[in-house]
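Participant: Taking our numbering, the leading residue of the sequence shown gets 550, the next gets one more, and so forth.
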Amino acid sequence: MFLDNIQMKKKLIGGFLCIVILALIIAIIGYISMGDMAGKAQIMYDDNLVHLAT
């Protein structure tokens, strides 16, 4: 197997980098989704709750 020829240091760094990249992807998706959710909450407020005041 090709991992047998790689030093332990490089294996650990590679694994850590994979986890960091995965965490960054999840964080970016979450950040984008929060912006979308804020926009939809504002639309819901403008369209639905204003009518309750009348």
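Backbone N, C-alpha and C fix where the C-beta goes; we use that ideal spot for every residue, glycine too.
Note that this is a predicted model, so its numbers are computed, not measured.
#1: Could you spell out where the alpha helix (DSSP H) holding M550 opens and where it closes?
#2: Let me know the secondary structure DSSP gives Q556 once reduced to three states.
#3: Just the Cα atoms here: how many angstroms apart are F551 and K559?
#4: Alpha carbon to alpha carbon, what distance is there between L598 and M557?
Facilitator: Here's the rundown:
#1: Stepping through the sequence shown from its first residue, residue 550 is reached at position 1. First-last for M550: undefined, no H or E at that position.
#2: By 1-based counting over the sequence shown, the position of residue 556 is 7. Of the three classes helix, strand and coil, the one that applies to Q556 here is coil, per DSSP.
#3: As a first step, residue 551 is located in the sequence shown; it is residue number 2 there, counting from the start. As a first step, residue 559 is located in the sequence shown; it is residue number 10 there, counting from the start. Each residue's alpha carbon lies about 13 Å from the other.
#4: Translated into positions along the sequence shown, residue 557 becomes position 8. Translated into positions along the sequence shown, residue 598 becomes position 49. Their Cα atoms are separated by approximately 59 Å.
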